[in-house]
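Student: Numbering (the working numbering), first residue to last: 1 to 216. Every residue, glycine too, gets a C-beta built ideally from N, C-alpha and C. For reference, the structure I am asking about is given below.
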């Protein structure tokens with residue numbers, strides 16, 4: 001996985017959670033005050049550090065040991081106000097990354113020499129993702145007409161690039177997925193799934209892989 005966000009802040013909290021952030025969190029001072037009241041100490045005045053501490057707080061107070069990474073991120077962004085594009089990594093979830101956006105652009109570049117499982121990634125919703133996104137993917141991948149994850153067929157190699165602008169990834173790939181506001185994209189074991197917390201009548205049921213018509 002590759003991270004090519006432009007104009008970003010990067011903060012690591014005790015090597016447990018890494019947050020790559022592009023945007024402005026307007027309520028970070030209130031969140032910081034709450035976290036300080038819970039004993040969390042801060043080393044900077046940035047909103048990015050507040051996000052890192054917040055996901056650590058959610059993780060520390062999880063009700064079950066097998067909570068998924070995407071569920072943690074889902075709970076974090078429900079507390080955030082403002083515009084943001086975020087990518088999360090954690091030592092607690094090796095080989096995984098979760099990305100989301102609201103009011104700030106975020107796209108995923110896809111590169112593989114092999115055939116992909118789908119060109120249209122179906123959107124999952126909270127009711128079918130809280131248990132375990134990875135298990136859902138494994139189950140649905142057995143039915144080729146309804147794959148819930150994007151991956152290279154036969155468990156071949158595939159690369160995902162997270163970026164805020166297409167110009168950042170065009171030298172690597174011209175195949176991209178544009179995320180919509182409040183999409184939560186999770187990569188685990190080389191497989192990409194996208195879910196949302198709430199369903200609305202205007203929702204597109206999938207995100208398509210698009211081919212960019214641009215040059216370096």
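Measure from the alpha carbon of residue 199 to the alpha carbon of each residue in 102, 156, 191, 182, then state which is nearest.
Tutor: Answer by Cα proximity: 182.
Student: If you draw a straight line from the alpha carbon of residue 151 to that of residue 37, how long is it in whole angstroms?
Tutor: For residue 151 and residue 37, the distance between alpha carbons rounds to 43 Å.
Student: If you follow the alpha helix (DSSP H) that residue 52 is part of, which residue opens it and which one closes it?
Tutor: Residue 52 -> alpha helix (DSSP H) spans 47 to 60.
Student: Using alpha carbons as the reference points, say which of 122, 73, 100 lies closest to residue 205.
Tutor: Comparing Cα positions, the closest option is 122.
Student: In terms of residues, what are the limits of the beta strand (DSSP E) holding residue 111?
Tutor: From DSSP, the beta strand (DSSP E) with residue 111 extends over 107 to 111.
Student: Would you call the segment 94 to 108 and the segment 173 to 182 touching, i.e. three or more CB-CB distances under 8 Å?
Tutor: A contact exists between the segment 94 to 108 and the segment 173 to 182.
Student: Could you compute how far the alpha carbon of residue 184 sits from the alpha carbon of residue 30?
Tutor: Near 24 Å, if we compare the C-alpha coordinates of residue 30 and residue 184.
Student: Can you say whether residue 44 is buried or exposed, counting buried as having 16 or more other CB atoms within 10 angstroms of its CB?
Tutor: Exposed.
Student: With H, G and I counted as helix, E and B as strand and the rest as coil, what does DSSP make of residue 71?
Tutor: Helix at residue 71.
Student: Going by alpha carbons, who is nearest to residue 75 out of 93, 82, 56?
Tutor: When each option's Cα is compared against that of residue 75, the closest is 56.
Student: How long is the line joining the alpha carbons of residue 112 and residue 163, rounded to whole angstroms?
Tutor: Straight-line Cα distance between these residues: approximately 17 Å.
Student: Would you mind reading off the limits of the alpha helix (DSSP H) that contains residue 37?
Tutor: Residues 28 to 37.
Student: Tell me which residues share the same chain as residue 138 and place their Cβ nearer than 8 Å to its Cβ, disregarding the 5 neighbours each side in the sequence.
Tutor: Residue confidence for residue 138 is low, a pLDDT of 43 falling below 50, so the modelled location carries little weight; the figure read from the coordinates is stated next. For residue 138, where only same-chain residues beyond five positions count, there are no Cβ hits under 8 Å.
Student: Can you pull the DSSP bridge partners for residue 125?
Tutor: For residue 125, which the question treats as bridged, DSSP gives the partners 196.
Student: If we ignore side chains and look at the alpha-carbon of each, how far apart do residue 20 and residue 93 end up?
Tutor: So the two alpha carbons sit approximately 16 Å from each other.
Student: Closest to residue 114 by CA distance: which of 101, 77, 186, 159 is it?
Tutor: Per the Cα distances, 159.
Student: Which of the three DSSP states, helix, strand or coil, is assigned to residue 167?
Tutor: The answer is helix: DSSP assigns residue 167 an H, G or I state.
Student: Run through DSSP, which three-state label would residue 209 get?
Tutor: Reduced to three states, the DSSP call for residue 209 is coil.
Student: Grouping DSSP H, G and I as helix and E and B as strand, with all else coil, what is residue 158?
Tutor: Residue state, collapsed to three classes: coil.
Student: Just to confirm, are residue 91 and residue 99 a CB contact at a threshold of 8 Å?
Tutor: No. Outside cutoff.
Student: Identify which residue in 214, 201, 194 has its Cα closest to the Cα of residue 218.
Tutor: Summary: the structure shown does not reach residue 218, with the chain confined to residues 1 through 216, and so no result is reported for it.
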